[in-house]
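**Q**
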Amino acid sequence: MKALTIISYQWKDLFRDKWLIGYALIYLVLTDALIRFGGGGPKALMSLSNIMLLFVPLVSLIYGVIYLYQSREFVELLLAQPLDRKSLFAGLYGGLAIPLCLAFVVGAGLPLFYSGAWIEAGWATIGTVFGLGIALSLIFVAIGYLFGLKYFHERVKGFGYALLSWLFLAVLYDGLILLVVSTFSDYPLEKAMIGMSIINPIDLARIGVLLNFDISALMGYTGAVFSRFFGSYLGLLVSIGFLMLWVISPTWLGLRLFNKKDF
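Here the working numbering = 1-based position in the sequence shown + 1.
#1: Keeping to the same chain, check which residues put their C-beta closer than 7 angstroms to that of threonine 126; ignore five residues upstream and five downstream.
#2: Could you check whether glycine 159 and lysine 151 sit closer than 8 angstroms to each other, using their CB atoms as the reference points?
#3: Please name the residue, chosen from Gly117, Ser138, Asp85, that lies closest to cysteine 102 on a Cα-to-Cα basis.
#4: Using the Cβ count rule (16 or more neighbours within 10 Å means buried), how would you classify methionine 53?
#5: For chain C, find out if any of its Cβ atoms is closer than 8 angstroms to the Cβ of glycine 92; answer yes or no.
#6: If we count Cβ pairs, one from each stretch, closer than 8 angstroms, do we get three or more for the stretch 18-30 versus the stretch 85-104?
#7: So, are the CB atoms of serine 61 and phenylalanine 141 less than 8 angstroms apart?
#8: Whose C-beta lies closer than 8 angstroms to the C-beta of methionine 245 among residues of the same chain, with five residues either side of it excluded?
#9: Going residue by residue through the stretch 102-153, where are the continuous alpha helix (DSSP H) segments of at least 4 residues, counting only ones entirely within it?
#10: Identify the continuous alpha helix (DSSP H) that holds lysine 192 and give its terminal residues.
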């Protein structure tokens, strides 16, 4: 049994639960409503991006933890088979991360196409927003698996730490940056702010969205620093590049932890 076999089994299991279809329908309804009542394609995509920055990490992180806990007996059964752990981890990760990405793209993409909003929005903008959503899905499923593996026999801890990490990265982190800026306002902070934004994937994705839409008034301190320091196009590439590192790093750490884990 290889990784692709495990992925196909998980996909069947996910579609039987119907929650994945519900996840896609949420994006379909939200995007359709934003297009109908929120203006044209670019405005709808901007509003969708704001929802995506909070909702995609939360769902990916929490369901990454929950799904690993729900698959505990399945994982233990497969570990007893002549199957290397690398293939098993790849199957478990891909079996959840890929459907989440597809649900986001299909759910948010269909209204853009059947309404014709994609013409006004443009392929580059759509590709950037969807690419950032996919990256966030991959990152936070991996982080969710990290918490699930670390606290495999302590579900309350794993779930609690996952929620706290999302709350910190999505909500409290900007407040921390403002505190640093106000406390050390007499010092040059540009490079420090770039460093602080790099260690938060949600902040990186937010900067990528705002640089793509070129909305300087909404960028905040870190976004303005990226724009000044690199220029809008280079700043966007840098933020996407570091997001790719964020995709690789927790996935690699999760694989290492999975290989060493005594189940």
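Note that beta-carbon positions come from the ideal geometry of N, C-alpha and C, so glycine has one too. Quick caveat: nothing in here was measured; it's all calculated off a predicted structure.
**A** Straight from the coordinates:
#1: Excluding sequence positions up to five before and after threonine 126, its CB lies within less than 7 angstroms of the CB of Pro43, Leu46, Asn213, all in the same chain and listed in chain order.
#2: Contact: yes.
#3: Looking at the Cα atoms, Ser138 is the closest of the given residues.
#4: Residue environment analysis places methionine 53 among the buried positions, since at least 16 neighbouring C-beta atoms fall within 10 angstroms of its C-beta.
#5: In the structure shown, chain C does not exist; there is a single protein chain.
#6: With a cut-off of 8 angstroms, the stretch 85-104 and the stretch 18-30 count as touching, because enough Cβ pairs lie within range.
#7: Against a cut-off of 8 angstroms, the Cβ pair of phenylalanine 141 and serine 61 comes out as a contact.
#8: If the five residues before and after methionine 245 are omitted, its C-beta is found closer than 8 angstroms to the C-beta atoms of Ala136, all from its own chain and listed in chain order.
#9: The qualifying runs are 118-122, 124-151.
#10: Bounds of the alpha helix (DSSP H) holding lysine 192 are 191-199.
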